[in-house]
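First up is the structure itself, then whatever we jot down about it.
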Amino acid sequence: MNPTQSLIKDLAEKYGRKRENLLPILQGVVKQEKYLSEYSMVEIAREIDIPAAEVYGTATFYSFLEAKKMGKYVIRVCRTITCAMKGKTQVIFAIQDMLKIKIGETTPDGRFSLLETNCLGWCHKAPAMLINDEVYTDLTPEKVREILSAYMKKNHL
Amino acid sequence: MANAYQLKRADFVFRNENDYEKILSKTLKRDKQDIINELISSELKGRGGAGFPTGLKWKLTSESKSEEKYVICNADEGEPGTFKDREILSKVPYKVLTAMAVCGHVIGAKKGFIYLRGEYKFLQKELNKAIEEFKYFCNEIKLDFDIEIFMGSGAYICGEETALMESMEGKRGEPRNKPPFPTTDGYMGKPTVINNVETLAHTFTIFKYGAKKFYDLGVQYSRGTKLFSVSGDTPKPGIYELELGMSLQDFVYEFGDGDTKAVQVGGASGFLVPRKKFKDAAIGFKGKLTGISLPTGGSMMLFNSSRSMFNVLDNYLEFFREESCGQCTPCRVGCQQLLLGIKAVKRGDKPASYLEKLMRLTETMQYTAKCGLGQSVANSFSSIVGNFREEMIY
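From first to last, the protein sequence lines stand for chains F and P. Sequential numbering of the first sequence, starting at 1, is according to the numbering used here. Sequential numbering of the second sequence, starting at 158, is according to the numbering used here.
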């Protein structure tokens, strides 16, 4: 059994093998592997005994269940109205400049991915972003450079 | 201009919750019908935005016959400009848990879920701790009620109650046809009460102080207090608990920066009110006798004269285009065409009269879209284009 198969089996043991357990299983795979490969979706379908197309259809509906390989740290910058008004564009420029990637891309070393996302619910402290599950608010280009430097110093993959 | 009127501030929702064990034990001893009647007489309406009477929802679900029923706390707070539910869950989680347990007792449910949006995953750990402690107390008083968190994964539409249930059932978050309503056919086809986080927190206030205390606040048809999430061009963004029924003019005196051009009430799916209409607009549910009445989930975004209303509308439409679940044609195609349409007018590829055509499209969406998302795109579109037409063209 390869690592993906055993991960999926463990998740199915933990959450159950019914259709209503699908989302927690998908979330568990994304947490571990950073995305849902076609292979893992087929394996999930086999494990809980539903068509692979159903797994694919469900997974691709949710913006946090990525079907493309993501970096170790996924940066999601809020693009909704208040953050847009309060300077999210400058924040994104600062990140792009530092990581040398565009929105939707991952750094070649596989550490960072940059995405835009819809309202994060921090409009009173805009602009805001998530790095994985961690929230950062009241961002400025200087502040975001400090935050990213700290991540860059963290031990390599 | 002098502040002629003070907004009626209140402090119930975030008032301490140390006595939740006492309130829970006390309330559980009461007659179920009595609890429902108290909620009905408080006239509490859903605080997620739709404003359905909470007592009636509990009553209808309690009358549905089924061995299995569920209580769901809707914490998929995704409306642009809203962030109050996050604050409630991090500051007074026991109020929400207590309210869920009382609801379970009243309707006959043994299981409750908190559907927490993926963006709020950082809350999960602390919330789980609170749930564990709460369950311990439930065991002590021999109350058979279990609560667990169900994590969302980044989909605005899942805040729509039936889409949320589809999502919990492991499917795409596509809204269901209504009727049947969740009161008879909810999660797993079983009768379900689904309430917004804030609504549940208000029921705690009612259990603690009685319906009259709540009813005495606010105005006719819009009783009680409401949390407002204030953001945008304001010197004091944040969360404020205010009595319902205030005029938008008074709100702007308090929260504006002296140059407020317009306020978006109710998030991207709500209405944009321009300065000249501030004094006629009141914040509350439909049925108020005078002026325009604006129901709201509590999102209040202020824009000053430096903001382009075209950019605001463009941002909303990008949002809706991406968050439309794609299930029904009016919403899926409508959102795309509205976005393309306003851009074409701005570029000069389409004449200004094309805006009227787009207005008619939003009307069609209002009548034919399956759920609140597609139906409410017309609110912001018509209020922005109607009031700031020149900014759309030039």
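Where is the CB? At the ideal position from N, CA and C, for every residue including glycine.
Contacts around residue i, its chain only, beta-carbon distance under 7 Å, and the 5 residues preceding and following it disregarded
{"i": "aspartate 416 of chain P", "result": "Asn461 and Ser462"}
{"i": "lysine 436 of chain P", "result": "Ser404 and Gln406"}
{"i": "cysteine 295 of chain P", "result": "Ala258 and Phe302"}
{"i": "glutamate 244 of chain P", "result": "Ile396"}
{"i": "alanine 535 of chain P", "result": "Thr519, Glu520, Met522 and Gln523"}
{"i": "proline 51 of chain F", "result": "Ala45"}
{"i": "arginine 145 of chain F", "result": "Ala94 and Met98"}
{"i": "phenylalanine 364 of chain P", "result": "Ile180, Thr184 and Val259"}
Run of the alpha helix (DSSP H) containing residue i, from where it starts to where it stops
{"i": "glycine 529 of chain P", "result": "529-544"}
{"i": "glutamine 421 of chain P", "result": "Element bounds for glutamine 421 of chain P: not the alpha helix (DSSP H) but the beta strand (DSSP E), 417-422."}
{"i": "phenylalanine 371 of chain P", "result": "368-372"}
{"i": "threonine 341 of chain P", "result": "Segment: none, threonine 341 of chain P is in no alpha helix (DSSP H) and carries neither H nor E."}
Rounded separation between residue i and residue j - CA only
{"i": "lysine 445 of chain P", "j": "glycine 375 of chain P", "result": "Unreliable positioning characterises lysine 445 of chain P in this predicted model, as indicated by a pLDDT of 48, which lies under 50. The coordinate reading is nonetheless provided below. So the two alpha carbons sit approximately 11 Å from each other."}
{"i": "alanine 439 of chain P", "j": "serine 426 of chain P", "result": "17 Å"}
{"i": "glycine 309 of chain P", "j": "cysteine 315 of chain P", "result": "8 Å"}
{"i": "glutamate 195 of chain P", "j": "lysine 370 of chain P", "result": "11 Å"}
{"i": "glutamate 66 of chain F", "j": "lysine 34 of chain F", "result": "8 Å"}
{"i": "lysine 125 of chain F", "j": "lysine 186 of chain P", "result": "43 Å"}
{"i": "lysine 9 of chain F", "j": "leucine 36 of chain F", "result": "15 Å"}
{"i": "threonine 362 of chain P", "j": "threonine 255 of chain P", "result": "11 Å"}
{"i": "methionine 129 of chain F", "j": "leucine 114 of chain F", "result": "10 Å"}
{"i": "lysine 500 of chain P", "j": "isoleucine 449 of chain P", "result": "30 Å"}
{"i": "proline 108 of chain F", "j": "leucine 496 of chain P", "result": "34 Å"}
{"i": "phenylalanine 242 of chain P", "j": "alanine 232 of chain P", "result": "Phenylalanine is not the amino acid found at residue 242 of chain P; the sequence shown has aspartate there. So the two alpha carbons sit approximately 7 Å from each other."}
{"i": "leucine 148 of chain F", "j": "glycine 208 of chain P", "result": "43 Å"}
{"i": "valine 30 of chain F", "j": "aspartate 133 of chain F", "result": "13 Å"}
{"i": "isoleucine 304 of chain P", "j": "glycine 265 of chain P", "result": "14 Å"}
{"i": "arginine 380 of chain P", "j": "tyrosine 372 of chain P", "result": "5 Å"}
{"i": "serine 533 of chain P", "j": "glutamine 27 of chain F", "result": "31 Å"}
{"i": "lysine 214 of chain P", "j": "threonine 340 of chain P", "result": "7 Å"}
{"i": "glycine 71 of chain F", "j": "phenylalanine 307 of chain P", "result": "25 Å"}
{"i": "cysteine 492 of chain P", "j": "leucine 7 of chain F", "result": "39 Å"}
{"i": "isoleucine 550 of chain P", "j": "isoleucine 103 of chain F", "result": "30 Å"}
{"i": "glutamate 47 of chain F", "j": "glycine 16 of chain F", "result": "10 Å"}
{"i": "leucine 552 of chain P", "j": "threonine 382 of chain P", "result": "Residue 552 of chain P lies beyond the stretch modelled for chain P, which goes from 158 to 551, so this question has no answer here."}
{"i": "methionine 466 of chain P", "j": "alanine 320 of chain P", "result": "31 Å"}
{"i": "cysteine 528 of chain P", "j": "isoleucine 193 of chain P", "result": "28 Å"}
{"i": "phenylalanine 477 of chain P", "j": "serine 182 of chain P", "result": "44 Å"}
{"i": "threonine 137 of chain F", "j": "glycine 57 of chain F", "result": "33 Å"}
{"i": "arginine 504 of chain P", "j": "valine 77 of chain F", "result": "28 Å"}
{"i": "tyrosine 177 of chain P", "j": "lysine 267 of chain P", "result": "19 Å"}
Residues near residue i in its chain [Cβ-Cβ closer than 6 Å; skip 5 each side]
{"i": "threonine 356 of chain P", "result": "Gly203, Arg204 and Thr211"}
{"i": "methionine 152 of chain F", "result": "none"}
{"i": "serine 40 of chain F", "result": "Thr4 and Val29"}
{"i": "glycine 531 of chain P", "result": "Pro487, Cys488 and Met522"}
{"i": "threonine 106 of chain F", "result": "Gly71 and Ser113"}
{"i": "valine 55 of chain F", "result": "Met41, Ile44 and Ala45"}
Residue i - containing beta strand (DSSP E), residue span
{"i": "tyrosine 73 of chain F", "result": "73-78"}
{"i": "glycine 491 of chain P", "result": "Looking at the DSSP string, glycine 491 of chain P is not in any beta strand (DSSP E); the run it does join, the alpha helix (DSSP H), is 486-504."}
{"i": "proline 431 of chain P", "result": "428-431"}
{"i": "threonine 117 of chain F", "result": "112-117"}
{"i": "serine 450 of chain P", "result": "449-451"}
{"i": "phenylalanine 385 of chain P", "result": "382-389"}
{"i": "alanine 137 of chain P", "result": "Any question about residue 137 of chain P goes unanswered here, given that chain P covers just 158 to 551."}
{"i": "phenylalanine 307 of chain P", "result": "303-308"}
Own chain residues within Cβ distance below 8 Å of residue i, not counting five before or after
{"i": "leucine 106 of chain P", "result": "The structure shown has nothing for residue 106 of chain P, since chain P only spans 158 to 551."}
{"i": "aspartate 414 of chain P", "result": "Asp390, Thr391, Pro392, Leu459 and Asn461"}
Contact list for the region 57-76 of chain F against chain P, Cβ threshold 8 Å: Within the region 57-76 of chain F, the residues whose Cβ lies closer than 8 Å to some Cβ of chain P are Gly57, Thr58, Phe61, Tyr62, Ser63, Phe64 and Leu65, listed in chain order.
The region 329-339 of chain P / the region 487-501 of chain P touching (three or more Cβ pairs under 8 Å): no
Interfacial residues, the region 18-42 of chain F to chain P, with Cβ spacing under 9 Å: Lys18, Arg19, Glu20, Asn21, Leu22, Leu23, Pro24, Ile25, Leu26, Gln27 and Val30
Near-chain P residues of the region 128-149 of chain F (beta-carbon distance less than 8 Å), N- to C-terminal order: So the close ones are Leu130, Asp133, Glu134 and Val135.
Contact list for the region 260-293 of chain P against chain F, Cβ threshold 9 Å: Arg274, Gly275, Glu276, Tyr277, Lys278, Phe279 and Gln281
Stretch pair the region 216-223 of chain P + the region 53-71 of chain F: three plus CB contacts closer than 8 Å: no
Any 3 or more C-beta pairs closer than 8 Å across the region 223-239 of chain P and the region 311-325 of chain P: yes
The region 341-348 of chain P touching the region 532-544 of chain P, judged by at least three CB pairs closer than 8 Å: Cβ pair count under 8 Å is below three, so no.
Residues of the region 79-113 of chain F whose Cβ lies closer than 7 Å to any Cβ of chain P, in chain order: Thr80, Ile81, Thr82, Ala84 and Met85
Interface residues of the region 445-471 of chain P facing chain F [CB-CB below 7 Å]: Met458, Arg464 and Val469
Members of the region 221-253 of chain P near chain F, C-beta cut-off 7 Å: Glu234, Gly235, Pro237, Gly238, Thr239, Phe240 and Arg243
Contact list for the region 324-345 of chain P against chain F, Cβ threshold 9 Å: Ser324, Met325, Glu326, Gly327, Lys328, Arg329, Gly330, Glu331, Tyr344 and Met345
Interfacial residues, the region 299-310 of chain P to chain F, with Cβ spacing under 9 Å: Phe307, Met308, Gly309 and Ser310
Against chain F: residues of the region 383-409 of chain P by CB proximity under 8 Å: Residues of the region 383-409 of chain P that bring their beta carbon within less than 8 Å of a beta carbon in chain F comprise Ser386, Val387, Ser388, Gly389, Asp390, Pro394, Gly395 and Ile396, in sequence order.
Near-chain F residues of the region 475-509 of chain P - C-beta to any C-beta below 7 Å: Phe476, Glu479 and Glu480
Near-chain F residues of the region 351-362 of chain P (beta-carbon distance less than 9 Å), N- to C-terminal order: Within the region 351-362 of chain P, no residue qualifies.
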